[in-house]
Amino acid sequence: MCIKESLRLHPPVTAVSRRCTEDVPLRDSRVIPKGVICLMSIYGTHHNPDLWPEPEVFNPLRFSPENSKGRSPLSFIPFSAGPRNCIGQSFAMAEMKVVVALTLSQFMLRRDTARPPPRRKPELILRAEDGLWLLLEPL
14 MCIKESLRLH
24 PPVTAVSRRC
34 TEDVPLRDSR
44 VIPKGVICLM
54 SIYGTHHNPD
64 LWPEPEVFNP
74 LRFSPENSKG
84 RSPLSFIPFS
94 AGPRNCIGQS
104 FAMAEMKVVV
114 ALTLSQFMLR
124 RDTARPPPRR
134 KPELILRAED
144 GLWLLLEPL
């Protein structure tokens, strides 16, 4: 749940684009015409207060089974969605779980408070402007 909440707050890719292969009718009766390229903001979706109450707060319990009931699967798309989503999604999630488990089994992590809090630097990939400085203390 912690990894998912981290990906919600800081999605690696902030947006994806797709070309409409057919006319797409919207709920308000407008239509997105076939051939138009649409940009979907993953960052915006993950920080939408209609989908995620208090979206800037780190709360891993958002992903508990009871809190996930009824939530659209498209409200959490750190690797995009549909047939053109990230082919490395399963590998990336497995790799993150192993790295986090091995790191936390050997170290206590704290943010280096001597440095300013990280600021987001949105590019093609979301980064921290001056990096994310951590202090590691052996257990």
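For the sequence shown, counting from 1, position 71 maps to 84 in the numbering used here; every step adds exactly one.
Backbone N, C-alpha and C define an ideal beta-carbon position, used for all residues, glycine too.
Exercise. Straight-line CA distance for His59 to Thr27?
Worked result: Looking up residue 59 in the sequence shown gives position 46. Looking up residue 27 in the sequence shown gives position 14. When rounded, the distance between both Cα atoms is 10 angstroms.
Problem set entry | CA nearest to the CA of Pro73, picked from Leu22, Leu145, Glu136 | The residue labelled residue 73 in the question sits at position 60 within the sequence shown. With distances taken between Cα atoms, Pro73 lies closest to Leu22.
For this session: Taking Ala141 as part of the alpha helix (DSSP H), name the residues at either end of that continuous run.
Result: Residue 141 sits at position 128 when you count from the first residue of the sequence shown. That residue, Ala141, is in no alpha helix (DSSP H); its beta strand (DSSP E) goes 139-141.
For this session: Would you mind stating whether Pro142 and Arg128 have Cβ atoms separated by less than 9 angstroms?
Result: Reading the sequence shown from its first residue, position 129 is the one you call residue 142. Reading the sequence shown from its first residue, position 115 is the one you call residue 128. In the sequence under discussion, the amino acid at residue 142 is Glu, which differs from the Pro named in the question. Not closer than 9 angstroms, so no.
Exercise. Taking all protein chains shown into account, do 16 or more other C-beta atoms lie within 10 angstroms of the C-beta of Pro62, making it buried, or fewer, making it exposed?
Worked result: On the sequence shown, residue 62 is found 49 positions in, with the first residue counted as 1. Only exposed fits Pro62, as fewer than 16 other CB atoms lie within 10 angstroms of its CB.
For this session: Going by DSSP, name the residue or residues bridged to Ser30.
Result: What you label residue 30 is simply residue 17 of the sequence shown in a count that begins at 1. Under DSSP, Ser30 takes part in a beta bridge, and its partners are Leu52.
Exercise. Among residues of its own chain, excluding the 5 on either side of Leu87, which ones have a beta-carbon nearer than 8 angstroms to its beta-carbon?
Worked result: The residue given as residue 87 occupies position 74 in the sequence shown. Counting only Cβ-Cβ distances below 8 angstroms, and skipping sequence neighbours, we find Thr58, Ala94.
Exercise. So the alpha helix (DSSP H) Pro135 belongs to, where does it begin and stop?
Worked result: Looking up residue 135 in the sequence shown gives position 122. From DSSP, Pro135 is part of no alpha helix (DSSP H) but of the beta strand (DSSP E) over 133-135.
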